[in-house]
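Numbering (the working numbering), first residue to last: 4 to 203.
In what follows, a single structure is set out as structure tokens and then discussed.
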DNA sequence: TATTAGATGGTT
DNA sequence: ACCATCTAATAG
């Protein structure tokens with residue numbers, strides 16, 4: 004199998020993210036079609052990257068070869084997942100932000116009891132990670148060689164039009180449109196805190 | 001539908 | 001003291 008995004012250099016991390024839309028993630032009995040992603044370059048020009056300040060125990064996997072999983076905990080209670088991209092030694096990665104559950108809906112519902120409907124099962128990075136049953140225990144596993152719980156496979160059919168915009172939740176680098184999503188897809192996360200909130 | 005605050009813990 | 005977030009509660 005060829006992975007269009009796997010061999011792209013970190014300098015093209017935005018393209019890697021864009022072409023990852025429509026791919027399918029299989030993990031722990033659930034299959035998800037990716038509908039929203041964000042690129043993080045790690046080239047030093049991206050202050051929003053977790054690797055911007057250099058290598059630490061948390062971000063170490065991002066400095067390795069492409070195709071591995073970077074999982075981190077956020078706000079104390081949620082986890083988000085990235086797929087490492089770019090050449091070895093450069094910490095580029097793509098954050099998986101949302102997807103549509105296409106198989107294993109019952110299993111996903113069981114993991115996401117708070118979901119209001121099936122569109123909401125994976126409509127956000129924390130939600131998606133939870134629906135797939137991925138946790139920090141899966142940090143550093145491969146998504147391309149079948150040895151880990153997460154496997155990624157090419158799109159089925161047409162992906163459809165793609166839109167781009169600023170990344171969500173980052174307080175810097177609002178100038179780059181490195182968030183990509185499938186146009187008009189109902190499973191794209193509705194979270195839109197682009198502008199800083201007013202102070203009390 | 002839109003907006004807001006609270007939860008909660010690793011990382012720097 | 002931050003956060004690549006989510007949910008429940010509130011107001012309209």
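Just so it is clear, CB atoms sit at the ideal spot from N, CA and C, and this is done for glycine as well.
Please read all numbers here as calculations on a predicted model, not as lab measurements.
Going by C-alpha distance, which of the options is nearest residue i?
| i | options | result |
| --- | --- | --- |
| residue 25 | 79, 6, 77 | 6 |
| residue 178 | 49, 135, 84, 185 | 49 |
| residue 60 | 79, 94, 46, 70 | 94 |
| residue 64 | 85, 47, 42 | 85 |
| residue 107 | 36, 175, 14 | 36 |
| residue 170 | 148, 162, 42, 130 | 42 |
| residue 164 | 154, 68, 185, 172 | 185 |
| residue 211 | 148, 131, 173 | Since the displayed the chain opens at 4 and closes at 203, residue 211 lies outside it and no answer follows. |
If we count the other Cβ atoms within 10 Å of its Cβ and call it buried at 16 or more, is residue i buried or exposed?
| i | result |
| --- | --- |
| residue 150 | exposed |
| residue 104 | buried |
| residue 44 | buried |
| residue 133 | buried |
| residue 70 | buried |
| residue 116 | exposed |
| residue 175 | exposed |
| residue 13 | buried |
| residue 89 | buried |
| residue 270 | Residue 270 falls outside the range modelled here, since the chain spans only 4 to 203, and no answer is possible. |
Can you give me the Cβ contacts of residue i inside the same chain, cut-off strictly under 7 angstroms, excluding the 5 residues immediately before and after it?
| i | result |
| --- | --- |
| residue 40 | 20, 23, 24, 97, 98, 99, 100, 183 |
| residue 167 | 180, 182, 183 |
| residue 92 | 66 |
| residue 190 | 38, 101, 102, 103, 122, 125, 126 |
Residues in its own chain within less than 8 angstroms of residue i by CB, not counting five upstream and five downstream?
| i | result |
| --- | --- |
| residue 139 | 74, 75, 76, 82 |
| residue 152 | 30, 31, 136, 137, 141, 144 |
| residue 112 | 118, 121, 124 |
| residue 72 | 64, 84, 85, 86, 87, 137, 141, 142, 143, 144, 145, 146, 151, 153 |
When DSSP labels each residue in this structure, what does residue i get in the three-state scheme?
| i | result |
| --- | --- |
| residue 34 | strand |
| residue 154 | strand |
| residue 129 | helix |
| residue 136 | coil |
| residue 23 | helix |
| residue 96 | strand |
| residue 196 | Only weak support is given to the placement of residue 196: the predicted model assigns it a pLDDT of 46, under 50, and the value that follows is read from those uncertain coordinates. Coil. |
| residue 64 | helix |
| residue 168 | strand |
| residue 29 | strand |
| residue 56 | coil |
Can you name, in chain order, every residue of its own chain whose Cβ lies under 6 angstroms from the Cβ of residue i, other than the five neighbours on each side?
| i | result |
| --- | --- |
| residue 188 | 38 |
**Prompt:** Are the region 51-62 and the region 12-31 touching by the rule of at least three beta carbon pairs closer than 8 angstroms?
**Reply:** no
**Prompt:** Should the region 140-160 be regarded as contacting the region 25-36, the criterion being three or more beta carbon pairs within less than 8 angstroms?
**Reply:** yes
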